[in-house]
Amino acid sequence: PATIVNEAEAALKAMQGTIMALYGVKEQDFLADTRWYDEKAKKHQDRKLVSRMVRAMVQGDNFVFSVGGMSDTAGHGNRHSDSYPIVMFSALAPVFKAANIKLEVRNLAMGGVPSFPNSVCMEDAFGADSDVIVWDFRMVERDEVKGELYIRQALMLPRQPSVMFKRELPYLPKLGKSYGELASLHALDETNLFNKVHKNGAQQKEVANDNFCEGQCKCPGQVRWHAGWKMQRLRGLQMAMVYGHMLGQAISEYKALSAQGDPKTAGGHDWSIKTEPLPKAMHKDLKPMFASEPFKCALSWSPRVGKGLRDVLDSSAEAKGATKWKFNDPNKKISSSGAKCGYLDNKEQLEGGVDDGWAFFVLPAVSEGGVVGFCADFPKDKRLSDFAFLVLLNGEEVQDSMEFWHDAKTLGVSIQCYGTTKRVQSGDNNLGFRVMQKGQTLKLTHVIWR
């Protein structure tokens with residue numbers, strides 16, 4: 194323990210010193226724009242995060258940030274390694290390693306998509322082992338209902354993670370009344386830090402005259418609404434300072450435990466992660482099923498942590514062995530050319546028309562009294578009722594009983610989700626689709642069940 198403390202303190206001090214020297218500002222300047230939404234706590238609003246870091250130190254456990262977001266978050270225009278989540282990881286990883294913690298930062302952002310429907314697929318989209326879930330859909334979503342859904346579904350993950358928003362949003366103080374403490378709900382904004390550095394003489398060059406990639410690159414997405422590498426770096430290093438400050442508190446607590454003996458047993462601590470019940474949902478338009486239950490999903494979109502649509506496609510003899518439906522990425526211009534820049538995002542869809550026959554999926558471990566649904570990219574002015582196609586669930590037609598759940602529209606996608614409880618059975622369920630009219634195409638992105 195003494196070695197862990199000494200090495201962690203030295204690594205943290207070195208990281209902080211390097212970052213402060215780069216920008217010529219103090220530690221407090223990096224921390225000042227962290228907004229906490231726990232109204233009950235006057236101080237120590239980061240208590241949950243610090244305690245989770247102490248636990249990770251004691252157990253030698255992982256600590257996982259899972260970042261959801263849009264093209265700017267994915268780093269488009271730059272290399273993927275320039276994106277701010279990866280910058281944060283590069284700065285913090287040696288410090289966490291010295292503190293006996295295996296740090297993982299997942300940049301799961303995708304160009305042009307909102308938080309929904311991946312928000313109801315938290316385990317498969319973000320990972321059951323997440324300790325911090327980050328929301329950064331600031332250019333494509335301002336929806337309070339989707340924001341509450343994101344927070345609630347994150348809190349249903351096994352480790353009941355903290356939730357960070359990459360901007361203060363008008364609805365967050367309201368949601369903070371219910372989720373401020375439980376989600377350790379907070380927002381982080383780099384605007385004031387940028388302004389301070391920009392006025393700081395010799396250090397101004399570290400943020401001024403930004404461009405894409407340090408040096409030169411021909412990465413796709415070099416447009417005005419994407420941040421250059423300097424802004425990405427500032428965001429990532431600000432986050433490294435904020436969460437590094439919390440780790441510093443965790444190191445101090447670990448040191449105090451070590452003074453009592455073995456940190457794993459000192460003080461009779463129980464280091465298991467305990468979850469708490471969720472409060473009543475706040476927004477009346479949030480579907481009750483999404484407010485109260487987690488879901489299992491298979492997604493065509495990537496990056497993701499869990500199942501893809503290919504993993505649940507039925508290739509059995511009963512399904513005629515395969516399907517003629519094809520996977521197509523409508524954004525392949527970005528995803529294909531972006532591969533050389535390390536881009537991970539792909540908005541693939543499974544598309545089928547009248548000549549493509551059936552597409553069947555096997556959905557495993559559906560609960561008794563469960564629900565089965567799907568999401569697809571529809572034309573912006575159309576609904577499910579405007580299309581002629583069959584939906585079979587366990588051999589029976591259910592298209593007429595499909596209930597509209599939520600939709601999510603951006604310039605890039607127009608996603609609608611539908612589901613049913615009719616004909617759902619416990620165990621494996623078989624879900625099938627067939628388009629019945631020429632000129633119509635179904636573009637599946639998610640199948641969802643619980």
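Per this note's numbering, the very first residue in the sequence shown carries number 194; after that it's consecutive.
Even glycine gets a Cβ: it sits at the ideal position worked out from N, Cα and C.
None of the values given here were measured: they were computed from a predicted structure.
Short Cβ contact (8 Å threshold) for residue i with residue j
i, j, result
"L471", "R345", "yes"
"C534", "C314", "no"
"G268", "L604", "no"
"M357", "E220", "no"
"G320", "V257", "yes"
"L342", "S312", "yes"
"G373", "Y277", "no"
"G262", "D329", "yes"
"E446", "V247", "yes"
"E647", "H476", "Residue coverage of the chain in this structure runs from 194 to 643, which leaves residue 647 outside it and unanswerable."
"K359", "R335", "no"
"G217", "A395", "yes"
"I527", "P413", "yes"
Buried or exposed by the 16-neighbour rule on C-beta atoms within 10 Å, applied to residue i
i, result
"Q542", "buried"
"V416", "exposed"
"W518", "buried"
"W418", "exposed"
"H462", "exposed"
"E590", "exposed"
"D621", "exposed"
"S578", "exposed"
"W464", "exposed"
"P572", "exposed"
"T384", "exposed"
Alpha-carbon spacing of residue i relative to residue j, whole angstroms
i, j, result
"K392", "A401", "10 Å"
"Q431", "P481", "37 Å"
"V325", "K631", "46 Å"
"L655", "G499", "Limits of the chain in this structure are 194 at one end and 643 at the other, which puts residue 655 out of reach."
"P194", "K290", "14 Å"
"E407", "I197", "34 Å"
"E200", "G454", "19 Å"
"P351", "E561", "21 Å"
"L285", "H438", "11 Å"
"G369", "R299", "25 Å"
"F483", "A601", "15 Å"
"G545", "K235", "56 Å"
"L378", "M595", "35 Å"
"Q353", "G550", "42 Å"
"G563", "Q592", "17 Å"
"L381", "F580", "43 Å"
"I466", "P366", "27 Å"
Within the chosen definition, does the region 499–509 reach the region 229–244 through at least 3 CB pairs nearer than 8 Å? no
As an exercise, report each continuous alpha helix (DSSP H) stretch of at least 4 residues that is fully enclosed by the region 336–395, in chain order. Runs found: 337–348, 365–372, 384–391.
Taking contact to mean 3 or more Cβ pairs, one atom from each stretch, closer than 8 Å, check whether the region 542–561 and the region 617–628 are in contact. yes
Mind pulling the beta strand (DSSP E) runs of 3 or more residues that sit fully within the region 253–301? Runs found: 255–262, 295–300.
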